[in-house]
Amino acid sequence: MELDNALNRFTHEERSIFAEQLRQLKAEPYPIAYGLLTRIDTEDSLGWFWAGNSEEGCLVTMKRLLQKRDMELIERPSSRYWCLSLLTSISAETFLKTPEGRAERVPVDDLKEPLSPELKQHLLAYEMAPGMHAYQLKEGNSYQSCSINLLPTFLERIGRDLLTSPSDLKKALRHTRSLDRALELRKTLGSFSIGRMELPGARLYLSGKVRQAMADTIDFHLSDRRQEGSLTDLEISNRVKICIADDVARPPSLDDLAAALLVSKTKLCQAFMRANGMTIGSYLARARLTRAQDLLIQSDKTIAEVAADVGFKHQSNFSLMFKRLTGQSPSEWKASKRDAAL
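Counting from 1, one number per residue, gives the positions in the sequence shown under full-length UniProt numbering.
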C-alpha cells in the first residue's frame with residue numbers, strides 16, 4: 001500500500017514503465033527530497049531504484065541491483081515510448097536477450113551496430129512497444145543503469161525547443177541501436193547523480209540534464225555519416241577516449257582497441273596522434289592524473305589507495321608519473337590545494 005501511494009505521483013503511462021518491476025522486487029519507499037527512491041532488500045535482490053520526472057512526459061530512472069537468485073523481471077508499458085540508457089555490460093546483454101515467447105520488443109538481431117566489447121558500460125537507444133517485456137536476471141550478477149524514458153508528448157515539445165522535428169528524434173531512437181561512439185551523450189548520462197535529488201532545484205537540474213542529453217543525441221545523429229570500415233581520425237580518437245574514461249585503471253590494450261575498431265594498431269596510434277597531438281599512452285597518463293587529483297581532493301583515501309584506483313601496482317611509479325606531469329609529489333600537490341582553500 002505504501003508503494004502504491006508513492007506511485008500515484010506518476011501518470012498511468014509513466015507508472016506502467018517501471019511499477020510492476022518495483023512490485024516484483026518488493027521495493028520499499030525511502031525518503032528523498034525529489035522523485036521516488038526505493039530500497040530493495042529481499043531473498044532475491046539487493047539494491048535501490050529511483051524514478052523522477054524532469055518534466056511532463058519524460059521519466060528518468062536509475063537503478064542498481066545485486067541479484068541473489070535467478071528471476072524474471074516483467075515490464076508492461078501501456079503506450080509506446082523511446083529510451084536512452086547507459087547500462088553496465090551485463091545489464092545491456094540482459095536487455096538485448098529476448099526470452100523466447102516472453103517479449104514483444106526488437107530482437108537482438110536488429111541491433112544497429114554491435115556492442116563495443118571493450119567497454120564496461122554501453123549506451124543504447126531503443127523504442128519500446130506496448131505489451132509485456134521480460135528480462136532474465138541471473139544469480140550473482142550486478143545490474144546498473146541510468147535511463148531517460150520519453151513519451152510522445154515530450155518528443156513533440158522537445159522537438160520544438162531543439163528546432164528539430166519529432167520524426168528526426170524518433171529516427172535517432174527508433175531501433176535498438178548502440179550509441180557507444182557518442183562520447184558527449186555518454187558523459188551526460190554518466191553525470192546523473194542520485195545525491196543531487198536531495199538538494200534544492202532537483203527538478204530543474206534533471207530537466208537541464210535531459211535536455212542536454214537530447215541535444216547530444218540530435219548532434220550525434222546528424223553528424224553520424226560514418227561508413228562501415230572508414231572511421232575518421234576524430235572518430236577513432238573519441239572511441240579510444242570513451243574506453244579510457246570507462247576504466248582508467250584497466251583500459252583495453254592497443255591490440256584489443258584496434259581489433260574492436262577494425263583498424264591496424266599502427267593506424268590506431270597514428271590517427272590518435274593526428275587528432276590529439278599526443279600518444280594514447282600520454283593521454284592515458286593524463287586521464288589517470290585527473291582521476292587521481294579528484295580522489296586526492298574529494299576522498300580520504302591514502303596515496304597508495306589512490307595509486308591502485310587509477311591503475312598503478314606500485315605507489316612509487318604513481319608518484320613518479322604524478323611529479324613528472326605536475327612538478328609536485330602527490331602529497332605536496334594535495335597540501336598545496338588544501339592550503340589554497342584555507
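The beta carbon of each residue, even a glycine, is placed where N, CA and C say it ideally should be.
If you're wondering where the values come from, they're calculated on a predicted model, not measured in any experiment.
Judged by DSSP secondary structure, H314 falls outside any beta strand (DSSP E); it is assigned neither H nor E. With a contact defined as Cβ atoms closer than 8 Å, L185 and F154 miss out at about 17 Å. Under DSSP, R39 shares a beta bridge with E28 and W48. In the pairwise beta carbon analysis, the region 237–255 is classified as not touching the region 205–219: fewer than three pairs are separated by under 8 Å.
A distance below 8 Å separates the beta carbons of W82 and E127. The DSSP-derived three-state label of R80 is coil. Here S45 is near L65, since their CB atoms are less than 8 Å apart. If you ignore the 5 residues before and after K138, its C-beta comes within less than 7 Å of the C-beta of Q67 and D70, all in its own chain and listed in chain order. Assignment of beta-bridge partners to Y135 by DSSP yields L73. Inclusion of M197 and A33 in the CB contact set at 8 Å is warranted, their separation being smaller than that value. Under the criterion of beta carbons closer than 8 Å, A307 and F318 qualify as touching, at roughly 4 Å.
Annotation note: the region 201–265 contains the following uninterrupted alpha helix (DSSP H) runs of length 4 or greater, listed N- to C-terminal: 202–223, 233–246 and 254–261.
In chain order, S319, F322 and K323 place their CB closer than 7 Å to the CB of S329, counting only its own chain and leaving out the 5 sequence neighbours on each side. In this structure, A285 sits away from I236, with a CB-CB distance that is not shorter than 8 Å.
Per DSSP, Y126 is one residue of the beta strand (DSSP E) stretching across Q121 to M128. By DSSP's assignment, N53 forms a beta bridge with L59. Under the three-state reduction of DSSP output, Y283 falls in the helix class. Closest option to S79, judged by alpha-carbon separation, among T232, T88, L150 and L179: L150. In the DSSP assignment, I148 falls outside any alpha helix (DSSP H) and within the unbroken beta strand (DSSP E) covering S142 to L150. A direct Cα-Cα distance of roughly 11 Å separates D256 from L119.
Taking C-beta separations shorter than 6 Å and ignoring five residues to either side along the sequence, the partners of P77 in its chain run S16, I17, M128 and P130, following chain order. Within the DSSP bridge table, the entry for R23 names no partner. Counting only the Cα atoms, H314 lies some 8 Å from A304. The alpha carbon of M273 has as its nearest neighbour, out of V240, L199, G201 and L124, the alpha carbon of V240. DSSP, read as helix, strand or coil, puts R9 in coil. Here K171 is not near T188, since their CB atoms are 8 Å or more apart. L66 has L46 and S142 as its beta-bridge partners, per DSSP.
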